[in-house]
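So for the sequence shown, the numbering used here puts the first residue at 100; every next one is plus one.
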Amino acid sequence: MGVNSAELKAWLDHLETLHPKKIDLGLARIGRVLDRLSLRTPPYRSVVIGGTNGKGSCVAMLESLYLAGGYRTGAFSSPHLWRFNERIRVDGIDADSATIVALFERIEQARGEISLSYFEFSTAAALLNFARSEVDVALLEVGLGGRLDAVNAIDADASLIASVDLDHQEWLGTTREAIGHEKAGIMRRRRPAVVAERNPPESLLTHAAGIDARLRRLGAEFDFDIHRGQWTYRGENAEVPGLPCPDFGGREQVANAAGCLAVVESLQGHLPLDRRVWPRGIERARPIGRIEERDIGGVRWVFDVAQTRPRLGCWPMPWQGARSGAGHLPSLR
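1) Considering Arg316, what are the terminal residues of the beta strand (DSSP E) in which it resides?
2) Let me confirm a value: Asn355 is counted as buried when at least 16 other C-beta atoms fall within 10 Å, else exposed. Which label applies?
3) According to the Cβ coordinates, are Gly334 and Glu364 closer than 7 Å?
4) Nearest CA to the CA of Lys121: which residue from Ser216, Gly191, Ala384 and Pro142?
5) Gly149 lies in the beta strand (DSSP E); which residues open and close that run?
6) Say whether the segment 196-212 touches the segment 220-232, bearing in mind that this needs 3 or more beta-carbon pairs closer than 8 Å, one atom from each stretch.
7) Going by Cα to Cα distance, which pick from Ile148, Arg379 and Ala174 is closest to Glu233?
8) Taking the Cβ atom as the reference point for each residue, do Val376 and Ala224 lie within a distance shorter than 7 Å?
9) Could you pull the start and end residues of the beta strand (DSSP E) that Phe72 belongs to?
10) Cβ of Ser262 within 7 Å of Cβ of Ala292?
11) Gln352 to Ala283, Cα distance in whole Å?
12) Is the beta carbon of Val158 sitting closer than 7 Å to the one on Ser177?
13) Using 8 Å as the threshold, is the segment 141-149 in touch with the segment 239-250, meaning 3 or more CB pairs across them?
14) Going by alpha carbons, who is nearest to Asn184 out of Ile387, Arg399 and Val404?
15) Less than 7 Å between the C-beta atoms of Asp254 and Thr140, yes or no?
16) Enumerate, from N- to C-terminal direction, the unbroken beta strand (DSSP E) stretches of 3 or more residues contained entirely within the segment 331-412.
17) Can you tell which of Ala252, Leu247 and His118 has the C-alpha that lies nearest to the C-alpha of Gly130?
18) On the premise that Glu296 lies in contact with Ile260, defined as a C-beta separation below 8 Å, what is that separation, rounded to the nearest angstrom?
19) Here's a check: name, in chain order, each residue in its chain whose Cβ is nearer than 7 Å to the Cβ of Pro300, leaving out the five neighbours to either side.
20) Could you round the C-beta distance between Thr222 and Val189 to whole angstroms and report it? I think they count as a contact, below 8 Å.
21) How far does the beta strand (DSSP E) with Val132 in it extend, from its first residue to its last?
22) Please go through the same chain and pick out, in chain order, the residues whose beta-carbon is closer than 8 Å to the beta-carbon of His369, but skip the five residues on each side of it.
23) State yes or no: is the C-beta of Phe203 within less than 7 Å of the C-beta of Trp110?
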C-alpha cells in the first residue's frame, strides 16, 4: 500500500508534538542531528538565502538559473502555501509524500533523544533528501532571522541577503541594526556574501568585515539598469544586457534577480553557468504565491503573498501588462 496524504498528515501532526516550543531558535539540537547524518558539511554546493522579503523569490530564481544550466537542484523553502510537499523540491518538482515519510522516518531514527521543532525536523529532512538525490546545488531559505535559524547549521558555500526590514521583532530585535546583525549571521568567513540591498544596516557590514566575507553589495560590487522592459546586469566580471524582467513583481524583483546573478558569478569556479542561459533561467522562475494565478470555482484568482505589508501590491511593472479579469487576494505570511 502506497503512502497517501493521510499518512503524511499524521507525521506532520506528530512533528507538532515533538518540541515544547513552536519557535525555539538555536543551532545545537539541529547541529547534533546533522552530525549524526554526516550532513553538517553537505556533499553538494549550497547557498543560504535570507532577508525580510524576497527570500522565496530568490530561491526560485536561483533554482531556475541552475536548472537552465543543466544542474541538478535542490530547493528548500517555507512556509508552504498549498501543501507541505512544496517545501522540498528536486529539479523543480515537489517531493512526493512517500519520499517525505521515508525521510521523516530516518530523521526520527537519527535524532534519538534530541527534541526537534517542526521546522528543524523539516530542515533535516530536506538536507537528507538532497544528499540522497545527489543534487549539484541546494538553495536553502532561512525560516526566521538567520544567525540561529536551523538552515544556518550547515557550512554553506555562499549566502544571499535579499533585504533587511522590520520583521519578527519579538525574536530579532526592534531596529534594522539589530535585525541586520541577525541576518548577517548566515555569512561565512572568506566566502561569498551577496547583499541585494542598497542601504544595508551598518551592523551587517561590520559583521561581514569582521569575518572577512567576500561581500558583494548592490550599488557597489554589482548593480542593474532597467531600460524599455529589459535590464542590464553589471557585475564585477560581467555586463549582460537584454535580460528579461521577472513577471512576478516590480523593480524589487529585478534587484533580487541581480543578487541571484551576483551569487552565480561568485560560485562560477564551482558551478560554471554560461551567461547565455541567464535570460531563460530568469524568465522561467515561478515563485509560489508571487502573482500566482489559480482557477478556483471557475474564477481566475491572482494570489500575492508577502511577509510584510509594504511588499503587498508590488505588482508587475507597466512593461509586463495587466492581468485583467482576475480576483486579487493579497495576504501576509
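By construction, the Cβ of each residue, glycine as well, lies at the ideal position given by its N, Cα and C atoms.
A quick look at the data gives this:
1) Here residue 316 corresponds to residue number 217 of the sequence shown, with the count starting at 1. Start and end: Arg313 to Arg316.
2) Position 256 of the sequence shown, counting from 1, holds the residue named residue 355. It counts as buried.
3) The sequence position of residue 334 within the sequence shown is 235, counting from 1. The sequence position of residue 364 within the sequence shown is 265, counting from 1. Against a cut-off of 7 Å, the Cβ pair of Glu364 and Gly334 comes out as a contact.
4) The count along the sequence shown starts at 1 and reaches residue 121 at position 22. Here the closest residue by C-alpha is Ser216.
5) By one-based count along the sequence shown, residue 149 stands at place 50. Unbroken beta strand (DSSP E) run through Gly149: Arg144 to Gly149.
6) yes
7) Residue numbering aside, residue 233 sits at position 134 when the sequence shown is read from its first letter. Measuring from the Cα of Glu233, the nearest candidate turns out to be Ala174.
8) Counting from 1 along the sequence shown, the entry for residue 376 is found at position 277. Counting from 1 along the sequence shown, the entry for residue 224 is found at position 125. No; because the gap between Cβ atoms is not below 7 Å, this pair is not in contact.
9) It is not possible to answer for residue 72, since the shown part of the chain is limited to 100 through 432.
10) Mapped onto the sequence shown, residue 262 falls at position 163. Mapped onto the sequence shown, residue 292 falls at position 193. Not a contact, by the Cβ cut-off of 7 Å.
11) The residue you call residue 352 lines up with position 253 of the sequence shown. The residue you call residue 283 lines up with position 184 of the sequence shown. Approximately 21 Å, taken between the alpha carbons.
12) In the sequence shown, counting from the first residue as 1, residue 158 sits at position 59. In the sequence shown, counting from the first residue as 1, residue 177 sits at position 78. Contact: no.
13) Contact between the segment 141-149 and the segment 239-250 is established, with three or more Cβ pairs separated by less than 8 Å.
14) In the sequence shown, counting from the first residue as 1, residue 184 sits at position 85. For Asn184, the closest alpha carbon among the candidates Ile387, Arg399 and Val404 is that of Ile387.
15) Taking the first residue of the sequence shown as position 1, residue 254 is located at position 155. Taking the first residue of the sequence shown as position 1, residue 140 is located at position 41. In this structure, Asp254 places its C-beta atom within 7 Å of the C-beta atom of Thr140.
16) 338-343, 391-395 and 398-405
17) Position 31 of the sequence shown, counted from the start, is the residue given in the question as residue 130. Ranking Ala252, Leu247 and His118 by Cα distance to Gly130 puts Ala252 first.
18) Position 161 of the sequence shown, counted from the first residue, corresponds to residue 260. Position 197 of the sequence shown, counted from the first residue, corresponds to residue 296. Yes, they are in contact, since the Cβ atoms of Ile260 and Glu296 sit about 7 Å apart, within 8 Å.
19) As a first step, residue 300 must be located in the sequence shown, where it is residue number 201. Closer than 7 Å at the Cβ level, and outside the excluded window around Pro300, lie Val263, Arg275, Glu276 and Gly279.
20) As a working note, residue 222 is residue 123 in the sequence shown. As a working note, residue 189 is residue 90 in the sequence shown. Rounded to whole angstroms, the Cβ separation of Thr222 and Val189 is 16 Å, and the two are not in contact under 8 Å.
21) The residue given as residue 132 occupies position 33 in the sequence shown. Val132 -> not in any beta strand (DSSP E); alpha helix (DSSP H) instead, spanning Ala127 to Arg135.
22) Counting from one through the sequence shown, the residue named residue 369 turns up at place 270. Excluding five sequence positions before and after His369, the CB atoms of its chain that fall closer than 8 Å to its own CB belong to Arg144 and Asp256, given in chain order.
23) The residue labelled residue 203 in the question sits at position 104 within the sequence shown. The residue labelled residue 110 in the question sits at position 11 within the sequence shown. Taking 7 Å as the Cβ cut-off, Phe203 and Trp110 qualify as a contacting pair.
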